[in-house]
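Under our numbering, the first residue of the sequence shown carries the number 33, and numbering increases by one thereafter. Written out below as structure tokens is the structure these notes cover.
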Amino acid sequence: MTLARQHPIQVVAHRGASEEAPEHTLAAYRKAIEDGADALECDVRLTADGHLVCVHDRRINRTSNGRGAVSALELADLAALDFGSWKNRDEAPDWEHGPGDPEDTSVLTLERLLELVADAGRRVELAIETKHPTRWAGQVEERLLVLLKRFGLDAPEAPTQSPVRVMSFSARSLHRVRAASPNLPTVYLLQFISPRLRDGRLPAGVRIAGPSMRIVRSHPGYIERLKRAGHQVHVWTVNEPEDVDLCVELGVDAIITNRPRAVLRQLGR
Ligand code: G3P
Ligand code: CA
């Protein structure tokens, strides 16, 4: 059964065009914008000296030539590292980065990503995921809102007009964001269906659900319940063509994918 969607399905580049370029780098986000992605997804963490950087893992070992936890390192420590070489270029033939452009593969601050989006020349939305928000007791959200304010993005007139949304697996993190900025849309990410939300409800004030593709495949009826409850549904991480088809069939509102170009093509865009 297909349920009505309010807008065309949105294609969101997960960690940038991260199949082709190293995730969370300027190279990956530039590529996603070139590919025509409607929005960019990024994870944010606080450094020891209070900067928000786009890094998924708690530690930098997998995606850089350094070691250690983001929270224990200062921005200057991270800026000295290479966040691109780990990506196997044989598996990513479309990705080219010149040695003359080290910024493309250095650590990416959220501030730099906001600048990239501001200079994109077209509307590109941003889905920002707060990582490890409990450890920092509000500092991640506080810093995020300060940065958004600098770009005039912290207080949209209405949620539908906001090019930025904040996502989290933590309802408390989303609550903090809404308390400070009621019109900033929030997305409650779901890795499993909590028994108390089985009927399609979301935490108070949240209007967008972010279920995993695994939930969509195993419980399509749950997606229908979310839609019937009036929520938008943004699904992650949707890389396989048959999963894209299922998302379209179920009327989801956004597809979060490592392969924005392929998904756009499949959708005929
Ligand atoms: O977009 C949501 C998705 O990114 C959540 O999972 O682990 O990739 O941050 P993860
Ligand atoms: Ca994420």
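The C-beta atom is built at its ideal place from N, Cα and C for all residues, glycine as well.
With 16 as the cutoff for other CB atoms within 10 Å, does residue i come out buried or exposed?
i, result
"Glu51", "buried"
"Thr95", "buried"
"Ser194", "buried"
"Gly28", "Given a span of 33 to 301 for the chain in the structure shown, any question on residue 28 remains unanswerable."
"Thr192", "exposed"
"Ser226", "exposed"
"Asn290", "buried"
"Val178", "exposed"
"Gln264", "buried"
"Met33", "Because the pLDDT at Met33 is just 47, under 50, the model does not fix this residue reliably, and the value given afterwards should be weighed accordingly. Burial call: exposed."
"Gly116", "buried"
Who are residue i's beta bridge partners in DSSP?
i, result
"Gly242", "Leu221"
"His266", "Ala286"
"Ser200", "Tyr220"
"His42", "Checking the sequence, you will find Gln at residue 42 rather than His. Its beta-bridge partners are Ala286."
On the premise that residue j lies in contact with residue i, defined as a C-beta separation below 8 Å, what is that separation, rounded to the nearest angstrom?
i, j, result
"Ile160", "Leu176", "7 Å"
"Asp109", "Leu58", "That belief does not hold up - the Cβ atoms of Asp109 and Leu58 are roughly 19 Å apart, past 8 Å."
"Ala64", "Gln42", "No, Ala64 and Gln42 are not in contact; Cβ-Cβ is about 13 Å, not under 8 Å."
"Arg257", "Gly237", "Contact doesn't hold; Cβ gap of about 19 Å is too wide."
"His266", "Gly242", "5 Å"
Using a C-beta cutoff of 8 Å, does residue i count as contacting chain C?
i, result
"Tyr220", "In the displayed structure, chain C is absent; only one protein chain is listed."
Report task. Anything with a beta carbon under 5 Å from a heavy atom of ligand 2 counts; list them all in chain order. Result -> Asp75 and Glu161
Query raised in the report: Residue ranges of each beta strand (DSSP E) run of no fewer than 3 residues wholly in the stretch 44 to 130, ordered along the chain?
Result: 71 to 78 and 84 to 86
Report task. Scan the stretch 132 to 178 and note each continuous alpha helix (DSSP H) run of 4 residues or more that stays entirely inside, going in chain order. Result -> Runs of the alpha helix (DSSP H) inside the stretch 132 to 178: 142 to 150.
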